[in-house]
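Residue numbers (this note's numbering): 14 to 303. Even glycine gets a Cβ: it sits at the ideal position worked out from N, Cα and C. What you are looking at is a predicted structure, and each value in this text was computed from that prediction instead of being measured.
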Amino acid sequence: MPFITKYSDNHCRDIIGTKVMRPGFFEIETPICIKDTLSFCALGGIPLAGGQALLPDLRQRKISPSLLVDISSVPEINKDIIENKNSIFIGGNVSISQLQKNSVVAKKLPWIIQAADRLGDVQIRNLATVGGNICWSDPRANLAVAIQASGGIVHGVDKDGKLLTMEMRNFFCGFRENRLNGAILTKLEIPLRPNSLGYYSEFSRQRQDLALASVAGIKIGGNLNLSIGGIGITPVFYSIKLPIKIESIIELIGDSAIEELRDQFASKGAKMSIIKNLLSKAPFHHTDLV
């Protein structure tokens, strides 16, 4: 039985009579298998995971779907974190708090924990999911930046029920847009690279804000996988030969044909200065970034 809610104009007024926006009429379905999930989404349903990005948009009526699809009970979108010989797999419904507490990720991929630690406050981290943060596809989303730099791979099921895989560097296609095209993300794969060294760093106006700019860098042998958040409408990925001057990286970013993310908080020049400072915090700064 779907949960149905509806607000009338009387419910949308505060104590002094000023109109306050609330979600419009919608239904919620809670499927228990991926097949039903895909069917509801094909009818125009929007997947609901932790809801930390979706619910504010509903309240402000930036979107007004008639159907939400609660994916929390779908076994294929699980809450497991599994390590095998070559990769760590993170289920789409793993919460940010669960990720933070995972000892395997902390040991093998500490920069992922650094990104998780900077995501919102405790309440948000308890509800927000890894899959939700990636599918939100905001260019400043912490895990989008960190997992892209890690060579992350999206696993999912497309609208025809077929399994799909996609490299994170090809996943994003616009501001808060991705290439799922009706598919459902089920888990993320992060390859384990021997002797890799990485970090995540960001700058925001205050602790719980979205970053104005963020950097995730993974050194693998003589190469640097670098993901930059906040400068373009998607997280921007670079593969760079080391050693290299930080100034040369800044020039590379400045010369890239990327569509700029414009906001009222910082100009492109200010963000580039922030990125330069964040690059200087790399644990391999003194040997490889000169």
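What do you get for residue i, buried or exposed, if any count of 16 or more other CB atoms within 10 angstroms of its CB means buried?
i, result
"Glu180", "exposed"
"Lys294", "exposed"
"Pro15", "Its pLDDT being 42, under 50, Pro15 is placed unreliably in this model, and the value from its coordinates should be taken loosely. It counts as exposed."
"Phe185", "buried"
"Asn238", "buried"
"Tyr20", "With a pLDDT of 40 at Tyr20, under the threshold of 50, the modelled position of this residue cannot be trusted; read the value that follows with caution. Exposed, since its Cβ has fewer than 16 Cβ neighbours within 10 Å."
"Arg138", "buried"
"Gly133", "buried"
"Cys46", "exposed"
"Lys75", "exposed"
"Val118", "buried"
"Ile231", "buried"
"Ser116", "exposed"
"Glu272", "exposed"
Mind checking whether residue i and residue j have CB atoms under 9 Å apart?
i, j, result
"Tyr213", "Ala128", "yes"
"Val143", "Gly105", "yes"
"Asp151", "Arg189", "yes"
"Leu156", "Ile125", "yes"
"Asn236", "Ile253", "yes"
"Leu225", "Ile246", "no"
"Gly36", "Gly58", "A small correction: the amino acid at residue 36 is Pro; Gly does not occupy that position in the sequence shown. Result no, Cβ atoms of Pro36 and Gly58 do not sit closer than 9 Å."
"Ile147", "Leu112", "no"
Can you tell me the Cα-Cα spacing of residue i and residue j, whole angstroms?
i, j, result
"Asp171", "Asn191", "13 Å"
"Lys114", "Gly145", "18 Å"
"Arg26", "Pro248", "The predicted model places Arg26 with a pLDDT of 45, which falls under 50 and marks its position as unreliable; any figure quoted below should be read in that light. In a straight line, the C-alpha of Arg26 is about 39 Å away from that of Pro248."
"Ala283", "Ser240", "18 Å"
"Leu223", "Gly243", "9 Å"
"Thr300", "Val228", "18 Å"
"Ile288", "Leu67", "29 Å"
"Leu11", "Leu193", "This structure does not reach residue 11, given that the chain is present from 14 up to 303, and the question cannot be answered."
"Ser85", "Thr50", "11 Å"
"Ala159", "Ser209", "14 Å"
"Ile90", "Ala62", "10 Å"
"Lys121", "Ser108", "19 Å"
"Asp130", "Ile266", "26 Å"
"Gly64", "Val82", "11 Å"
"Pro60", "Val303", "45 Å"
"Ser269", "Leu291", "19 Å"
"Ile203", "Ser110", "18 Å"
"Ala141", "Asp70", "15 Å"
"Pro123", "Ser217", "21 Å"
"Gln73", "Gln221", "20 Å"
"Pro296", "Glu215", "15 Å"
"Leu56", "Lys281", "40 Å"
Among the options, which residue has its Cα nearest to the Cα of residue i?
i, options, result
"Asn97", "Arg206, Ser227 and His298", "Arg206"
"Val167", "Glu272, Leu223, Ser100 and Ala119", "Ser100"
"Asp304", "Gly64, Gly187, Ser86 and Ile103", "This structure does not reach residue 304, given that the chain is present from 14 up to 303, and the question cannot be answered."
"Gln161", "Gly211, Asn139, Asp134 and Arg138", "Gly211"
"Phe53", "Phe278, Met285, Leu302 and Gly195", "Gly195"
"Gly234", "Pro256, Pro123 and Leu291", "Pro256"
"Gln219", "Ile271, Phe278 and Thr199", "Phe278"
"Val87", "Leu71, Thr199 and Leu112", "Thr199"
"Gly165", "Asp70, Asp173 and Thr178", "Thr178"
"Ser286", "Val135, Glu42, Glu260 and Cys148", "Glu260"
"Pro44", "Lys232, Leu80, Glu272 and Gly187", "Leu80"
"Lys48", "Gly187, Lys258, Gly174 and Ile271", "Gly174"
Under 8 Å from any heavy atom of the ligand NAD, does the C-beta of residue i make it?
i, result
"Ala66", "This structure simply doesn't include the ligand NAD, nor any ligand for that matter."
- Any beta strand (DSSP E) of 3 or more consecutive residues that is wholly inside the region 93-155: 94-96 and 100-104
- Go through the region 174-207 residue by residue and report every complete run of the beta strand (DSSP E) that reaches 3 residues or more, in order. 176-180, 185-187 and 197-204
- Message: To test your reading of the DSSP string, which unbroken alpha helix (DSSP H) runs of 4 or more residues are found completely within the region 238-297?
- Response: 259-268 and 281-292
- Please specify which runs of the beta strand (DSSP E), each continuous and at least 3 residues long, are wholly inside the region 30-88, giving them in chain order. 39-42, 59-61 and 80-83
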